[in-house]
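The structure under discussion appears below in the form of structure tokens.
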Amino acid sequence: MALSRSLAVAAVAAALLATGAQTAMAAPSAATVSRFDDGSFEYPTAPANSFSTLTAGQSIGPWKVASGTVDLIGAGFWQAAEGDQSVDLNGGQAGAVAQTFTTIPGRTYTVTYALAANPAGGPALKTGKVLVDGQNFQDFSFDSTGKTFTALGYVQRQVTFVATASATTLGFASTVPGAYGPVIDDVRVTAASPCSCSK
Ligand SMILES: [Ca+2]
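In mature numbering (1 follows the signal peptide of the UniProt record, and there is no 0), the protein residues as written are -26 to -1, 1 to 173.
What follows is the structure, given as structure tokens:
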């Protein structure tokens, strides 16, 4: 039993190596699109008790800064909704982040995310929107009045979309000026089962 199991493991490892070799040889950029990943903004690691300001075109792991500037908040700077890090959608100005991932056309996807706002400066009401392939799917707002770095008061929001292509771009954009924006973290994407038919 132990022997056959280790043989099976070796076979899987060999298969993975072969797959890796094939992937390395295949060049098309479209092949880099994969499943939705790191909705918690944990990679790369931002400076602890501080943050990194990123500008349009730069990456946060699988995310791209789509416009303006955003702050990747490091561990300990303020409360994260999940893990250690989160994103302030305003760096020095309104910014946006987006991630493109594989989808099945016609399939329904549910996006959940944690929303708060940077309470260090005004305006108190931080606003933004969720974008699917560049289209506005949901406006959101969060009042940072009374909130602190140790108690940001995250709330969970949800939005649903039906994929129209084999890849979909999910984005979060600030619509408030200044350096203190909406904060997002713990973004999750789940696909509905192929048939959600009701009886
Ligand atoms: Ca996080």
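C-beta atoms are modelled at their ideal positions from N, C-alpha and C, and glycine is treated no differently.
Quiz item: With DSSP run on the structure shown, which of helix, strand or coil describes aspartate 160?
Solution: strand
Quiz item: With a cut-off of 8 angstroms, do at least 3 Cβ pairs link the stretch 85 to 93 to the stretch 25 to 35?
Solution: By the Cβ test, the stretch 85 to 93 is not in contact with the stretch 25 to 35, since fewer than three Cβ pairs between them sit closer than 8 angstroms.
Quiz item: So the beta strand (DSSP E) tryptophan 52 belongs to, where does it begin and stop?
Solution: That residue, tryptophan 52, is in no beta strand (DSSP E); it is neither H nor E in DSSP.
Exercise. Please find out if some non-hydrogen atom of ligand 1 comes closer than 7 angstroms to the beta-carbon of serine 14.
Key: yes
Practice problem: Could you tell me the distance, in whole angstroms, from the CA atom of tyrosine 154 to the CA atom of proline 36? | Solution: 24 angstroms
Quiz item: Whole-angstrom Cβ separation of valine 104 and valine 133, contact assumed at under 8 angstroms?
Solution: About 5 angstroms separates the two Cβ atoms, so the contact holds.
Quiz item: Can you tell me where the beta strand (DSSP E) with glutamine 130 in it begins and where it stops?
Solution: 129 to 136
Quiz item: Taking the beta strand (DSSP E) that valine 61 falls in, what are its first and last residues?
Solution: 60 to 62
Quiz item: What is the rounded straight-line gap between the Cα of valine 157 and the Cα of tryptophan 52?
Solution: Computed Cα separation, rounded: 11 angstroms.
Practice problem: Return the bridge partner residues of leucine 105 from the DSSP annotation. | Solution: DSSP lists Asn110 and Gly145 as partners of leucine 105.
Quiz item: threonine 74 and threonine 142: beta carbons closer than 8 angstroms?
Solution: yes
Quiz item: Thinking C-alpha only, which one of Ser140, Ala88, Tyr87 and Gly65 is nearest glycine 80?
Solution: Ser140
Quiz item: Is phenylalanine 15 helix, strand or coil when you go by DSSP?
Solution: coil
Quiz prompt | Distance cut-off 7 angstroms: alanine 22 Cβ against heavy atoms of ligand 1 | solution = no
Self-check item: Alpha-carbon to alpha-carbon, alanine 147 and valine 71
Solution: When rounded, the distance between both Cα atoms is 7 angstroms.
Quiz item: Can you name, in chain order, every residue of its own chain whose Cβ lies under 6 angstroms from the Cβ of phenylalanine 10, other than the five neighbours on each side?
Solution: Cβ within range, chain order: Phe75 and Val163.
Quiz item: Using a threshold of 7 angstroms, is the CB atom of glutamine 59 nearer than that to any non-hydrogen atom of ligand 1?
Solution: yes
Self-check item: arginine 131 vs leucine 99 beta-carbon contact at 8 angstroms
Solution: no
Quiz item: What's the gap between the Cα of alanine 49 and the Cα of threonine 82?
Solution: Looking at the two C-alpha atoms, the distance is approximately 34 angstroms.
Practice problem: Would you give the residue range spanned by the beta strand (DSSP E) that phenylalanine 75 belongs to? | Solution: 70 to 76
Exercise. Quick one: grab the DSSP three-state call for glutamine -5.
Key: Here the model assigns glutamine -5 a pLDDT of 41, short of 50, so the residue's position is not dependable, and the following value carries that caveat. Note: glutamine -5 maps to helix in three-state DSSP.
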